[in-house]
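To keep things clear, I will list the structure first and then write my remarks on it.
In my numbering, the protein residues as written are 90 to 493.
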């Protein structure tokens, strides 16, 4: 008998290049929905009369609240109702949230729309990963995922540039028009070309008892919880930067329309780390890479904060970019490896486990990001100190996970 973890439930029906492009677009809705908005945050805050800078930053932060909740729903939904139904429901919810944002007359209305958007975007994200696992396994899956990652890396680099172009030609509301058009185009492409990959005989009826049992397994497993908490701390620190990036580059450094290019440079650091990790992980191992990256990111946090102090809160732009590029490279190594190590003990409950782990880490990251962003007014001190505190907590969480 073949190991269940080494079998697939479907066969490829699309040419590999088309399949990779389609799956990459489905998974990239998250990055597109976040990064394309960044150049418009100041204008959105002015038009909708935001109470303060932190309320503007919430347009990014609350997205992860919705995505955390959405993953909890769509994880078991994808196993019970199939991949196509999951993508359909997810895209419809995403479109509804996009319309709310497009028609928003207040910041509160926009934030509600962002949460709805994020709940919906969890559907394509969960289902696309499940489709890949349905069709490919082992080295074949790793090969497909590496190609998808190469395409996916381009989205955080290009999305702010596209957002800036839309902003220059139209208004911030048409960035949401772009999201809606993308959802329609990708949805039509998917339903026209990709058949269902989970047969009715392989589906698992949704059970609240199963969800509770899975949560108990995760909460009681030292390794899973330790790595998940570490992911939440690291992602929370990174999310604080992501939410405030437009303020940092356009308000503090006065980069104007060049902001997307600085953002793309730092996004490239994370993408470069993903490619590096893909080539090194089989030689060195996940644990060793994570340990080196943790030491690297803590060193970066200390050095960055010292540099900020040296220039009284705001170092020269080129020093900030170079220092953050190095730090984000280490963060890029940690993202994928910590998630893989958290998933490793979960075996047959991998789908539901992925949804729960993703939800816990996202929902933990949001208050961390908000606590850091609340102190960002005129300097980078909160970013530097936030990195020191939460990267150190991530280090302790990994040690907890690996304790015998």
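We put the CB at the ideal spot given by N, CA and C, even for glycine.
By Cβ distance below 6 angstroms, which residues in the same chain neighbour residue i in space, the five residues on each side in sequence not counted?
i	result
residue 461	329, 471 and 475
residue 307	313 and 445
residue 74	Nothing about residue 74 can be read from this structure; the chain reaches only from 90 to 493.
residue 356	245 and 246
Cα separation between residue i and residue j?
i	j	result
residue 207	residue 409	31 angstroms
residue 445	residue 156	11 angstroms
residue 216	residue 176	6 angstroms
residue 280	residue 274	10 angstroms
residue 478	residue 386	11 angstroms
residue 110	residue 237	7 angstroms
residue 484	residue 388	12 angstroms
residue 91	residue 298	Here residue 91 scores only 40 on pLDDT, less than 50, and its place in the model is too uncertain to base an answer on.
residue 122	residue 187	10 angstroms
residue 35	residue 107	The shown model of the chain, from 90 to 493, leaves out residue 35, and the question about it has no answer.
residue 192	residue 153	21 angstroms
residue 417	residue 247	18 angstroms
residue 398	residue 405	12 angstroms
residue 487	residue 359	21 angstroms
residue 451	residue 295	23 angstroms
residue 466	residue 341	9 angstroms
residue 250	residue 350	7 angstroms
residue 424	residue 164	20 angstroms
residue 372	residue 214	29 angstroms
residue 115	residue 182	14 angstroms
residue 473	residue 339	19 angstroms
residue 335	residue 210	23 angstroms
residue 348	residue 363	23 angstroms
residue 180	residue 269	9 angstroms
residue 178	residue 381	41 angstroms
residue 260	residue 184	19 angstroms
How close, in whole Å, do the beta carbons of residue i and residue j come, if the pair is a contact with beta carbons under 8 angstroms?
i	j	result
residue 412	residue 393	5 angstroms
residue 384	residue 490	Contact flag wrong, Cβ pair sits at about 16 angstroms.
residue 130	residue 145	5 angstroms
residue 318	residue 453	7 angstroms
residue 172	residue 300	That pair is no contact at about 19 angstroms.
residue 448	residue 161	5 angstroms
Which residues in the same chain as residue i place their Cβ atom closer than 7 angstroms to its Cβ, once the five residues preceding and following it in sequence are excluded?
i	result
residue 190	199, 202, 203, 206 and 265
residue 137	193, 195, 196 and 199
residue 284	102
residue 293	168 and 169
residue 233	109, 221 and 225
residue 327	420
residue 343	none
residue 332	146, 149, 150, 458 and 462
residue 415	389
residue 396	404, 408 and 412
Of all the CB atoms in chain B, is at least one closer than 8 angstroms to the CB of residue i?
i	result
residue 412	Chain labels in this structure do not include chain B; a single protein chain is all it has.
If you drop the 5 nearest sequence neighbours on each side, which residues of the same chain put their C-beta closer than 8 angstroms to that of residue i?
i	result
residue 378	366, 369, 370, 422 and 426
residue 353	245, 246, 247, 249 and 250
residue 134	142, 144, 145 and 196
residue 323	386, 420, 423, 424, 427, 479, 480 and 483
residue 375	426, 429 and 430
residue 100	224
* Inter-stretch contact (C-beta, 8 angstroms, three-pair minimum) for the region 123–141 and the region 416–433 -> Touching, no, given that fewer than three Cβ pairs across the two stretches are closer than 8 angstroms.
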